[in-house]
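A.B. asks: One structure is given below, represented as structure tokens, and several questions about it will come after.
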Amino acid sequence: MILKNHVAVVTGAASGIGQATAVRLAQDGADIAILDRNGDGLAATKSLVEETGQKCLPVQVDLLERASITAAFAEIEQVLGPVDILHNNAGGPARSGNKPFPKAPAEQWDEVLVLNLRSVADCTREVISGMKERRRGRIITTASEQAFKGGAGFTDYSAAKAGVLGFTRSLALELAPFGVTVNAVCPGAIKTGLTNAMPDEYMERVVASIPMGRLGEPEEIAHAVAFFASPGASYVTGSYLLVAGARTLH
Ligand SMILES: NC(=O)c1ccc[n+]([C@@H]2O[C@H](COP(=O)([O-])OP(=O)(O)OC[C@H]3O[C@@H](n4cnc5c(N)ncnc54)[C@H](O)[C@@H]3O)[C@@H](O)[C@H]2O)c1
Numbered sequence: 138m139i140l141k142n143h144v145a146v147v148t149g150a151a152s153g154i155g156q157a158t159a160v161r162l163a164q165d166g167a168d169i170a171i172l173d174r175n176g177d178g179l180a181a182t183k184s185l186v187e188e189t190g191q192k193c194l195p196v197q198v199d200l201l202e203r204a205s206i207t208a209a210f211a212e213i214e215q216v217l218g219p220v221d222i223l224h225n226n227a228g229g230p231a232r233s234g235n236k237p238f239p240k241a242p243a244e245q246w247d248e249v250l251v252l253n254l255r256s257v258a259d260c261t262r263e264v265i266s267g268m269k270e271r272r273r274g275r276i277i278t279t280a281s282e283q284a285f286k287g288g289a290g291f292t293d294y295s296a297a298k299a300g301v302l303g304f305t306r307s308l309a310l311e312l313a314p315f316g317v318t319v320n321a322v323c324p325g326a327i328k329t330g331l332t333n334a335m336p337d338e339y340m341e342r343v344v345a346s347i348p349m350g351r352l353g354e355p356e357e358i359a360h361a362v363a364f365f366a367s368p369g370a371s372y373v374t375g376s377y378l379l380v381a382g383a384r385t386l387h
């Protein structure tokens, strides 16, 4: 139980990668706060976390609303105590579907950037001063292989995820003197609600482009997050881990 007496927060934890990470960090002994706008999914994740014997606090919140984020973190600190690990995971492409840049309404940029990038900064802001004071903390972001390779029809999403990497590296420099680490996990194509929502023909092309010949499982990302959260990663900061079945390498 390497994370015994630790409190971890996972955003976007009602499904997919966030749900798998919440369970994985609980298996390592952390108590978990889970944030999402999907109340039913939060209840499902809570049950899975509690099966590990750890505490779980679900907080239903829309991460596009800054004031709700502040209230959520106040509740977490009051119920579970100070946050040791933050996995900034919530995100995804435009809900209305991906479109070539000239066809994407300007409002879509706002939505995608606020969810994938601004909410990462907003959640991080809530935990940073406590982590600095205690000289202990792990911040992990979920970027994407798209931060490197881009994707036609995903200009907003790719830009936001590249921004997440820039944020991760810059914050790692600011927090290094305090012993707080900041790292990113960069998933390839993973079997979650996000890829489920893509058209079948598109996903067939995606799978054909993956040297490992299959989509990744959410648990395969959760393991990478658990590494960054673990005591063994104490000297790893400003780094990213690509978990993408070699898709970005050609
Ligand atoms: N699945 C992939 O192939 C893949 C690849 C690269 C990166 N990612 C990233 O992984 C992260 C997790 O995605 P996933 O694949 O598990 O997808 P998912 O759709 O299963 O999970 C995303 C979660 O975020 C929540 N969410 C979305 N908008 C929200 C909001 N405004 N407020 C609160 N919660 C909100 C959703 O309810 C959902 O539970 C995202 O940042 C995504 O961009 C996924």
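Under the working numbering, read the sequence shown as residues 138 to 387, first letter to last.
Beta carbons: idealized from backbone N, C-alpha and C, even for Gly.
Along the chain, where does the alpha helix (DSSP H) containing residue 301 start, and where does it finish?
C.D. replies: It spans 292–312 - the alpha helix (DSSP H) in which residue 301 sits, taken as one unbroken run.
A.B. asks: If we call anything under 8 Å between Cβ atoms a contact, is residue 261 one with residue 277?
C.D. replies: No, these two residues do not count as a Cβ contact at 8 Å.
A.B. asks: For the pair the stretch 290–306 and the stretch 228–237, tell me if three or more CB-CB distances fall below 8 Å.
C.D. replies: A contact exists between the stretch 290–306 and the stretch 228–237.
A.B. asks: With 16 as the cutoff for other CB atoms within 10 Å, does residue 310 come out buried or exposed?
C.D. replies: It counts as exposed.
A.B. asks: If you follow the beta strand (DSSP E) that residue 343 is part of, which residue opens it and which one closes it?
C.D. replies: From DSSP, residue 343 is part of no beta strand (DSSP E) but of the alpha helix (DSSP H) over 337–345.
A.B. asks: Please list, in chain order, all residues of the same chain as residue 259 whose beta carbon is under 6 Å from its beta carbon, the five residues on each side excluded.
C.D. replies: Within the same chain, residue 259 has close Cβ partners 203, 206.
A.B. asks: With residue 121 as the anchor, note down where its alpha helix (DSSP H) starts and where it stops.
C.D. replies: Residue coverage of the chain in this structure runs from 138 to 387, which leaves residue 121 outside it and unanswerable.
A.B. asks: Starting from residue 284, follow the beta strand (DSSP E) in both directions and report where the run begins and ends.
C.D. replies: Where residue 284 is concerned, there is no enclosing beta strand (DSSP E), although the alpha helix (DSSP H) it sits in stretches over 283–286.
A.B. asks: Would the stretch 370–385 count as touching the stretch 182–191 if we require 3 or more Cβ pairs under 8 Å?
C.D. replies: Result no; under three Cβ-Cβ pairs closer than 8 Å.
A.B. asks: In the DSSP assignment, find the unbroken beta strand (DSSP E) run with residue 379 in it and report its ends.
C.D. replies: Run containing residue 379: 377–380, per the beta strand (DSSP E) assignment.
A.B. asks: Taking contact to mean at least 3 C-beta pairs separated by less than 8 Å, is the stretch 234–243 in contact with the stretch 163–171?
C.D. replies: Cβ pair count under 8 Å is below three, so no.
A.B. asks: With DSSP as the reference, label residue 278 as helix, strand or coil.
C.D. replies: Residue 278: strand per DSSP, three-state reduction.
A.B. asks: Can you give me the C-alpha to C-alpha distance between residue 141 and residue 366, rounded to a whole angstrom?
C.D. replies: Whole-angstrom Cα-Cα distance: 12 Å.
A.B. asks: Just the Cα atoms here: how many angstroms apart are residue 252 and residue 149?
C.D. replies: Approximately 10 Å between the Cα atoms of the pair.
A.B. asks: According to DSSP, simplified to helix, strand and coil, what is residue 197?
C.D. replies: DSSP places residue 197 in strand when its eight states are reduced to three.
A.B. asks: Just checking residue 259 against ligand 1 - is the residue's beta carbon closer than 7 Å to any of the ligand's heavy atoms?
C.D. replies: No - ligand 1 has no heavy atom lying nearer than 7 Å to the Cβ of residue 259.
A.B. asks: Does at least one heavy atom of ligand 1 sit under 7 Å from the Cβ of residue 396?
C.D. replies: Given that the chain is displayed from residue 138 to residue 387, the structure contains no residue 396 and the question cannot be resolved.
A.B. asks: Compute the minimum distance between the beta carbon of residue 208 and the heavy atoms of ligand 1, and state whether it is under 7 Å.
C.D. replies: Flag unset: Cβ of residue 208 not near ligand 1.
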